[in-house]
Structures are given as C-alpha cells and as structure tokens.
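All remarks here apply to the structure that follows.
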C-alpha cells in the first residue's frame with residue numbers, strides 16, 4: 008500500500024491468494040493520516056476469491072480374467088489438488104456399474120473395482136475395457152480411471 012501527498016493510493020497484493028474459495032473474502036485495512044495530522048481515515052481493500060481450477064490425476068490398471076470374478080478386483084489412488092482451501096476432493100461414487108465390474112471412489116480419490124463375473128468368454132489376446140469418469144468436487148476438473156481386462 009502506498010499513498011501520495013495528494014491522497015492517491017495504490018495497492019499491490021502479496022500473492023494470488025488462491026486459497027480463497029469462490030466468493031470468500033478477506034480484507035486489508037490501512038489507516039491514513041492527513042499531512043497536518045488532524046484527520047485520519049481508513050482504506051479498505053476487499054479481495055474476493057474465485058473458483059480456481061482443480062487437477063485430478065488419471066489411473067490405468069490391467070487385470071487378467073480368471074476363473075472367478077475376484078480375478079478382476081483391483082484398486083488405486085487418484086491425486087487431487089485444488090488451490091482453494093478444503094476443496095481437494097472428488098465427487099464420491101459408489102458401485103457404478105461398468106460392463107465387467109463395479110467402480111467405487113471416495114472423496115479422497117481412493118478407488119476400487121470389483122469384477123462382476125469371471126469373464127472367461129475372452130479369447131487369448133483379446134482386451135476389453137471399463138472406463139469411469141471422475142470429477143473434482145468443485146466441477147473444474149475431470150479424469151478417467153481405465154481398467155483393461157485381458
């Protein structure tokens with residue numbers, strides 16, 4: 008903050024303040040005094056946060072079909088980052104039905120895939136996939152979890 012003898016002032020922030028969520032506000036206040044010292048006033052600068060974009064990692068796993076549905080079971084962990092404080096989460100999903108199994112993910116990005124059958128119908132060398140879309144809590148990012156079954 009700086010002010011000249013004519014009362015014109017300028018303010019330069021000390022950072023982007025991405026930690027503020029959309030609509031969240033913080034204020035900087037400065038007391039100014041007249042040149043002759045007989046009057047004071049306050050300059051208030053209000054900083055309003057915006058919804059900064061999150062990032063969500065993707066994941067791919069390969070599993071081999073077997074004599075039981077459990078042969079397809081696997082799990083993983085996505086990484087979520089969001090500059091907005093407290094928003095580094097994804098939208099949780101429970102038992103989303105794919106073609107070959109069901110997908111579940113919690114808000115912290117831990118996911119699991121549970122096979123829905125042995126799928127012995129696959130021929131040698133044949134590959135099939137289930138894909139699931141994951142969205143950040145604030146809706147600014149998406150990613151995909153891909154399961155390849157051979």
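Residue numbers (this note's numbering): 8 to 157. Glycine residues also receive a C-beta, built at the ideal position from the N, C-alpha and C atoms. Quantities reported herein were computed from a predicted structural model and do not represent experimental measurements.
Starting from residue i, trace the beta strand (DSSP E) both ways and give me its first and last residue.
i: residue 120; result: 117-122
i: residue 21; result: Here residue 21 belongs to no beta strand (DSSP E), and DSSP marks it neither H nor E.
i: residue 138; result: 135-142
i: residue 71; result: No beta strand (DSSP E) contains residue 71, which DSSP labels as neither H nor E.
i: residue 92; result: Here residue 92 belongs to no beta strand (DSSP E), and DSSP marks it neither H nor E.
i: residue 36; result: 32-40
i: residue 49; result: 47-55
i: residue 102; result: 100-104
i: residue 111; result: 108-112
i: residue 82; result: 81-84
Just to confirm my understanding: we take residue i, look at its own chain, exclude 5 residues before and 5 after, and list those with CB closer than 6 Å. What are they?
i: residue 105; result: 137
i: residue 18; result: 8, 52
Here's the rule: buried if 16 or more other CB atoms are within 10 angstroms of the residue's CB, otherwise exposed. What is residue i?
i: residue 8; result: exposed
i: residue 156; result: buried
i: residue 61; result: buried
i: residue 22; result: exposed
i: residue 11; result: exposed
Using a beta-carbon distance below 7 Å, is residue i in contact with chain D?
i: residue 67; result: The chain inventory of the structure shown lacks chain D, comprising one protein chain alone.
Excluding the 5 residues preceding and the 5 following residue i in the sequence, name in chain order all residues of the same chain whose CB lies nearer than 7 Å to its CB.
i: residue 48; result: 39
i: residue 98; result: 142, 144
If you reduce the DSSP assignment to three classes, tell me which class residue i lands in.
i: residue 154; result: strand
For residue i, which residues from the same chain have a beta carbon less than 8 Å from its beta carbon, with the 5 sequence-adjacent residues on both sides left out?
i: residue 78; result: 70, 71, 72, 122, 125
- [ ] Could you tell me whether the stretch 106-118 touches the stretch 78-92, where touching means 3 or more Cβ pairs closer than 8 Å?
- [x] yes
- [ ] Evaluate contact between the stretch 123-138 and the stretch 43-58, counting only Cβ atoms and requiring at least three cross-stretch pairs below 8 Å.
- [x] no
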